[in-house]
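2 protein chains.
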Amino acid sequence: MSNDRATQLEDALREAGVRITRQRAALLAVLAACDDHPDAAELHRRAEAAGAGVSLATVYRTLTTLQAQGVIDKLEFQGEPARWEPADQQHHDHMIDVETGQVIEFTNDRIERLQAEVAAEMGYEIVHHRLELYVRRRTRR
Amino acid sequence: MSNDRATQLEDALREAGVRITRQRAALLAVLAACDDHPDAAELHRRAEAAGAGVSLATVYRTLTTLQAQGVIDKLEFQGEPARWEPADQQHHDHMIDVETGQVIEFTNDRIERLQAEVAAEMGYEIVHHRLELYVRRRTRR
DNA sequence: TTCACTGCAAACACTTTGCAGAATA
DNA sequence: TATTCTGCAAAGTGTTTGCAGTGAA
């Protein structure tokens, strides 16, 4: 029988020359359990809560490493500390509810296409982009 | 004869209860002369170069004040210190050439409209948004 | 048995702030 | 004259790093 998802990921990382230490395994577990977009301090808190014993410096170093391996993506919203999300999903952009701080993911192919067109028209190709809608719940009129 | 643009702006600020000090006048002049997107340190440098004698702390405080007055906008690109631009222009988004760091402004009504639609579909209205295309000059194939 | 990784604490980059004196309106 | 503003230096926040020791492979 084959490995589970987490083990597969660890194997892949090992193959890339990344050592799976106790701390990294703990952080991978914390990240896998996320359905939100935590920052480094929050990930550190969750790892501690799970009894992991990881220093904050290691959290930062691990996040950088995992990003370099394409395992997670870094989100930098306005003035906040950087947040992180698993990278294995399909591309999407973010809406941030300015009242609650909640982050909602969305995609829109037409917007994506238009972005590429705009860039192309000016002689550029897009390396990556960032689209954030800072929104408020609509009030009935 | 009417005041020039700069003086009009100063009057408007004064009316809003903002005192026009030597330092603020100097910074307003530096900002008016900008056709790029400088950060606080760069604005400080330019003010110094103009012989203004302004402390960096005052540059930061002034930028905050001018932003609150709607005179300038704050731009926060990836990992860089915040940059600033005059707010009196029409809305636009930014392309950042990842090779040169150059910032190019652009607008696209269709993208704007689609953003509003996406938000509306999910029951939100947009407070503000941020669209940045990190691009590279197109190589001929 | 290597060599990547870790914790610690110090350093870092950018920005904000408390205070006492200076300057605007 | 009443505040608002300024400079200075110190503090703050989020993040990175040097070093000596630890542990994965």
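From first to last, the protein sequence lines stand for chains S and A. Position one of the first sequence corresponds to residue 81 (the numbering used here), numbered consecutively onward. Position one of the second sequence corresponds to residue 81 (the numbering used here), numbered consecutively onward. For each residue, glycine too, the CB sits at the ideal point set by N, CA and C. Please read these numbers as outputs of a predicted model, since none were measured by experiment.
Legend entry - Where residue 91 of chain A falls: helix, strand or coil (DSSP): helix
Inset, instruction - With DSSP as the reference, please indicate the residues paired to residue 214 of chain A in a beta bridge. - result: S:208, A:176
Legend entry - Nearest-angstrom Cα separation, counted from residue 194 of chain A out to residue 179 of chain S: 22 Å
Inset, instruction - Give the straight-line distance between the Cα atoms of residue 82 of chain S and residue 89 of chain S, rounded to the nearest whole angstrom. - result: Residue confidence is low: residue 82 of chain S scores 45 on pLDDT, short of 50, so the model does not pin down where it sits. No coordinate-derived value is stated.
Legend entry - residue 191 of chain A, enclosing alpha helix (DSSP H) - first and last residue: 189-201
Legend entry - residue 183 of chain A, DSSP secondary structure in three states: strand
Inset, instruction - Can you have a look at residue 142 of chain A and say buried or exposed, based on whether 16 or more other CB atoms are within 10 angstroms of its CB? - result: buried
Inset, instruction - Using a Cβ-Cβ cut-off of 9 Å, state whether residue 170 of chain S counts as contacting chain A. - result: no
Legend entry - Whole-angstrom distance between residue 128 of chain A and residue 210 of chain A, CA atom to CA atom: 32 Å
Legend entry - Interface partners of residue 195 of chain A on chain S, CB under 9 Å: 188, 191, 211, 213
Legend entry - Coil, strand or helix - residue 156 of chain A by DSSP: coil
Legend entry - Of the residues S:207, S:102, S:218, the one placed nearest residue 135 of chain S, counting alpha carbons only: S:102
Legend entry - Terminal residues of the beta strand (DSSP E) in which residue 141 of chain A lies: Not the beta strand (DSSP E): residue 141 of chain A falls in the alpha helix (DSSP H), residues 136-148.
Inset, instruction - Taking residue 204 of chain S as the query, report the chain A residues whose CB atoms sit under 9 Å from its CB, ordered along the chain. - result: 175, 177, 184, 213, 215, 216, 217, 218
Inset, instruction - Check whether the segment 184-198 of chain A touches the segment 148-163 of chain A, counting contact only when three or more Cβ pairs, one atom from each stretch, lie closer than 8 Å. - result: no
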